[in-house]
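In my numbering, the protein residues as written are 17 to 140.
We treat Cβ as the ideally placed atom computed from N, Cα and C, and that holds for glycine.
As the structure is a prediction and not an experimental result, all values here were calculated from the model.
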């Protein structure tokens with residue numbers, strides 16, 4: 017089985033580092049971390065990750081705008097996206113589900129369980 021690759025787009029460097037360590041340690045996945053939506057969009061085409069973890073609330077370009085850009089591009093629209101968000105109200109969740117993302121993980125989350133949760137969402 018080949019190693020899975022994840023593109024993690026989150027503007028909180030410390031949180032992104034924790035997530036990356038957990039995914040690399042517990043699942044042996046390769047994780048590429050960028051701290052802005054613009055940076056994520058600039059590398060995703062060449063990187064072609066198996067999945068994207070995308071923070072919803074980021075400055076300049078939020079996760080929803082990044083997701084819409086990914087969906088508008090034929091080279092990236094097939095990549096499954098999981099949103100990371102502190103917005104967990106039912107109307108927010110409904111909005112996220114209507115976008116077509118494969119899953120939503122609420123912040124804060126259990127770092128020890130996030131790798132298993134991602135694997136469950138993606139069927140890995």
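With DSSP as the reference, label residue i as helix, strand or coil.
i           : result
residue 87  : helix
residue 64  : coil
residue 58  : helix
residue 135 : helix
Leaving out five residues before and five after residue i in sequence, what residues of the same chain have Cβ atoms less than 7 Å from its Cβ?
i           : result
residue 82  : 25, 53, 56, 57, 70
residue 123 : 100, 101, 102
Around the Cβ of residue i, are there at least 16 other Cβ atoms within 10 angstroms (buried) or fewer (exposed)?
i          : result
residue 74 : buried
Identify, in the order they occur along the chain, each residue of the same chain with its Cβ nearer than 6 Å to the Cβ of residue i, setting aside the five sequence neighbours on each side.
i           : result
residue 130 : 38
residue 40  : 47
Here's a check: name, in chain order, each residue in its chain whose Cβ is nearer than 8 Å to the Cβ of residue i, leaving out the five neighbours to either side.
i          : result
residue 19 : 44, 45, 46
Can you determine whether any heavy atom of the ligand HEM sits closer than 7 Å to the C-beta of residue i, and answer yes or no?
i           : result
residue 132 : Ligands displayed in this structure: none; no statement on the ligand HEM is therefore possible.
Assuming residue i and residue j are in contact, meaning their beta carbons sit under 8 Å apart, how far apart are those beta carbons, in whole angstroms?
i           : j          : result
residue 138 : residue 67 : 6 Å
residue 92  : residue 60 : 5 Å
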